[in-house]
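Residue numbers (our numbering), protein chains in the order written: chain A, 1 to 314; chain B, 315 to 598.
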């Protein structure tokens, strides 16, 4: 996607969005109305685009969207089912519309319905399905033609916790074990943490950040929670000598350490996170030198939610 | 390995032929309504005029032209007689198309189905083509097919009366007329269907278009106003069809005027369909 600015009417919904994705699981995060669904529609070529703005599977979506869509699966958030049809008939029908021969489509419909756990309900009319079953059916129709990329728009919307976990497991399996590319659009951060290796954060149509999900250990500035008693001023002075910033949070000291200084420039790259043990050892040494008795030291866990809200609210 | 043990597997194409998207849409749209008994009954009932005409033709040939005179030319086996027959099928055409066609796009819009269709490798032409083929099929069921059956029947009982006309020219004219009319009517009905999200509202508008304009035309005729006669929606098709069948005008306006009206309606329907059928609903 190259510097895409898109507007349905007057005001742009997407502004200068620019990224390239390789196969894998990518989370599309953003508050409601940030342009996530529109971004997916652009990737599907469902909206008018200018030439060379969006390329999917090497094809220009302004001109070759139909061709590209045979390699894409789309699971819409709302609707997306044709009332009156049974689960298997619907999936086979959409398989045929994707260019599959009639017999292949029917056989494949049975297979994907087994995979998503709807084998026993496949002959029931989809109008009678529960919300969880409908979500599974939508996933099945997106998979029937064996796409290279799956675009999932709020796939866990309206599901109970068990249903949510189960559909996320299916998606994770597809992305991690079956080699499918997945773009998961959601505002549920836990879903992204479960499935994705990378996230794109959108706010007001702008691509705010692109991060790897497990980036907590890669940030050179890390916070350690310290609890103890003893000569506080000496302990703080010792930490300051390490270059640490110390703040107080209720009964805890929050020690912000620059891990780059502590362990050297090689660590913390894309593959190797900064070792938490190095920070803990440094704090233990200062405590030992200053006679400060420690009750607890640990690296403060950084959740995706913290990062997300920090980015969106910035 | 049983399918439930395999998990997700990639598709291995069998190499069989796949059908174009419009045909897949049309086949489903044609077969699905036929499961309804009362729709099937309506289709069968719409053949009653053809049976009546066939019976009268039989007796006319056997018992002179008394019955033909009583039927006002409707039973004659020349081209004009068959155009009159097609015109007489207005009500079954109206009713059947309302039932089959009203929800074709409206339901997809209501259920967010357009987004689903256009996430597949198909374009607007395939989608509209498939939907139009459904309407054309049911239109043929009550117009073209009975006409062809009557032509054959008439030829079989009186080969000397119609000759090559009954075997070739009239069926050909009927085929061309029904194809063009079916195409135009289907586009207009689909355009109406694309304007709403509920079939019932589309049916109401369709009724106003077909029955309402015919009522206006009849009132205008009673008042001696000929210009308003061009408002008759289905009447214009048959009036324009008089050019093809070499028959007398069906309305008090020129057949060419009716043809212009038909072309205008078809073009307007195409414009509406291009504007309304989108995978994304934009609300201003």
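We treat Cβ as the ideally placed atom computed from N, Cα and C, and that holds for glycine.
Three-way DSSP call (helix, strand, coil) for residue i in this model
{"i": "residue 529 of chain B", "result": "helix"}
{"i": "residue 177 of chain A", "result": "coil"}
{"i": "residue 582 of chain B", "result": "helix"}
{"i": "residue 325 of chain B", "result": "coil"}
{"i": "residue 511 of chain B", "result": "coil"}
{"i": "residue 259 of chain A", "result": "helix"}
{"i": "residue 268 of chain A", "result": "The predicted model places residue 268 of chain A with a pLDDT of 48, which falls under 50 and marks its position as unreliable, so this point remains unresolved."}
{"i": "residue 130 of chain A", "result": "coil"}
{"i": "residue 253 of chain A", "result": "strand"}
{"i": "residue 74 of chain A", "result": "strand"}
{"i": "residue 183 of chain A", "result": "strand"}
{"i": "residue 279 of chain A", "result": "helix"}
{"i": "residue 562 of chain B", "result": "coil"}
{"i": "residue 200 of chain A", "result": "strand"}
{"i": "residue 141 of chain A", "result": "helix"}
{"i": "residue 17 of chain A", "result": "strand"}
{"i": "residue 151 of chain A", "result": "strand"}
{"i": "residue 296 of chain A", "result": "strand"}
{"i": "residue 497 of chain B", "result": "helix"}
{"i": "residue 60 of chain A", "result": "strand"}
Contacts that residue i makes with chain B (C-beta to C-beta distance below 7 Å)
{"i": "residue 174 of chain A", "result": "322"}
{"i": "residue 178 of chain A", "result": "322"}
{"i": "residue 146 of chain A", "result": "324 and 325"}
{"i": "residue 181 of chain A", "result": "Neighbours of residue 181 of chain A on chain B: none; closest Cβ ~14 Å, over 7 Å."}
Within chain A, partners of residue i - CB distance below 8 Å
{"i": "residue 330 of chain B", "result": "101, 102, 103 and 104"}
{"i": "residue 417 of chain B", "result": "Those within 8 Å of residue 417 of chain B in chain A number zero; the least Cβ separation is about 10 Å."}
Distance CB(residue i)-CB(residue j) smaller than 7 Å
{"i": "residue 175 of chain A", "j": "residue 277 of chain A", "result": "no"}
{"i": "residue 245 of chain A", "j": "residue 290 of chain A", "result": "no"}
{"i": "residue 446 of chain B", "j": "residue 511 of chain B", "result": "no"}
{"i": "residue 394 of chain B", "j": "residue 581 of chain B", "result": "no"}
{"i": "residue 14 of chain A", "j": "residue 37 of chain A", "result": "no"}
{"i": "residue 106 of chain A", "j": "residue 92 of chain A", "result": "yes"}
{"i": "residue 258 of chain A", "j": "residue 243 of chain A", "result": "yes"}
{"i": "residue 97 of chain A", "j": "residue 335 of chain B", "result": "yes"}
{"i": "residue 460 of chain B", "j": "residue 352 of chain B", "result": "no"}
{"i": "residue 226 of chain A", "j": "residue 297 of chain A", "result": "yes"}
{"i": "residue 77 of chain A", "j": "residue 198 of chain A", "result": "no"}
{"i": "residue 411 of chain B", "j": "residue 370 of chain B", "result": "no"}
{"i": "residue 113 of chain A", "j": "residue 140 of chain A", "result": "yes"}
{"i": "residue 396 of chain B", "j": "residue 484 of chain B", "result": "yes"}
{"i": "residue 73 of chain A", "j": "residue 189 of chain A", "result": "no"}
{"i": "residue 21 of chain A", "j": "residue 185 of chain A", "result": "no"}
Chain A residues whose Cβ lies nearer than 7 Å to that of residue i
{"i": "residue 434 of chain B", "result": "69, 94, 97 and 98"}
{"i": "residue 594 of chain B", "result": "41, 46 and 47"}
Residues that residue i contacts on chain B, provided the C-beta gap is smaller than 8 Å
{"i": "residue 76 of chain A", "result": "426, 429, 430 and 433"}
{"i": "residue 66 of chain A", "result": "435, 436 and 437"}
{"i": "residue 83 of chain A", "result": "421 and 425"}
{"i": "residue 108 of chain A", "result": "325"}
Chain B contact residues for residue i, given Cβ-Cβ distances below 9 Å
{"i": "residue 6 of chain A", "result": "Correct list: empty, because the minimum Cβ distance to chain B is about 11 Å."}
{"i": "residue 318 of chain A", "result": "With chain A covering 1 to 314 only, the question about residue 318 of chain A has no answer from this structure."}
Cutoff 7 Å: residue i Cβ touching any chain E Cβ
{"i": "residue 53 of chain A", "result": "In the displayed structure, chain E is absent; the protein chains listed are A and B."}
Near-chain B residues of the stretch 35-56 of chain A - C-beta to any C-beta below 7 Å: Taking 7 Å as the Cβ-Cβ cut-off against chain B, the residues of the stretch 35-56 of chain A that qualify are 41, 44, 46 and 47.
Touching by the beta-carbon criterion (3+ pairs, under 8 Å), the stretch 202-211 of chain A and the stretch 46-56 of chain A: Taking a cut-off of 8 Å for Cβ pairs, the stretch 202-211 of chain A and the stretch 46-56 of chain A do not touch, as fewer than three such pairs fall below it.
Residues from the stretch 333-352 of chain B in contact with chain A, defined by Cβ distance under 8 Å: Residues of the stretch 333-352 of chain B whose Cβ lies closer than 8 Å to any Cβ of chain A, in chain order: 333, 335, 338, 339, 342 and 346.
Within 7 Å of chain B by C-beta, residues of the stretch 152-172 of chain A in sequence order: Of all residues in the stretch 152-172 of chain A, none has a Cβ within less than 7 Å of some Cβ in chain B.
Residues, ordered as in the chain, of the stretch 429-456 of chain B that lie near chain A by beta-carbon distance below 8 Å: Here the close residues are 429, 430, 431, 432, 433, 434, 435, 436 and 437.
The stretch 451-465 of chain B in contact with the stretch 491-502 of chain B per 3-pair CB rule at 8 Å: Yes, the stretch 451-465 of chain B touches the stretch 491-502 of chain B.
Cβ-based contacts, 7 Å cut-off: residues of the stretch 509-535 of chain B near chain A: Those residues of the stretch 509-535 of chain B that come within reach of chain A (Cβ to Cβ, closer than 7 Å) do not exist; the list is empty.
Segment contact, 8 Å Cβ cut-off, at least three pairs: the stretch 154-170 of chain A with the stretch 51-65 of chain A: No, they do not touch.
Stretch pair the stretch 538-558 of chain B + the stretch 473-482 of chain B: three plus CB contacts closer than 8 Å: Flag = no, the stretch 538-558 of chain B and the stretch 473-482 of chain B do not touch.
Touch test, the stretch 319-333 of chain B against the stretch 427-441 of chain B, Cβ-Cβ under 8 Å, three pairs minimum: No, they do not touch.
The stretch 114-129 of chain A / the stretch 71-85 of chain A touching (three or more Cβ pairs under 8 Å): These segments touch.
Against chain B: residues of the stretch 112-135 of chain A by CB proximity under 8 Å: Residues of the stretch 112-135 of chain A with a Cβ closer than 8 Å to any Cβ of chain B, in chain order: 112, 114, 115 and 119.
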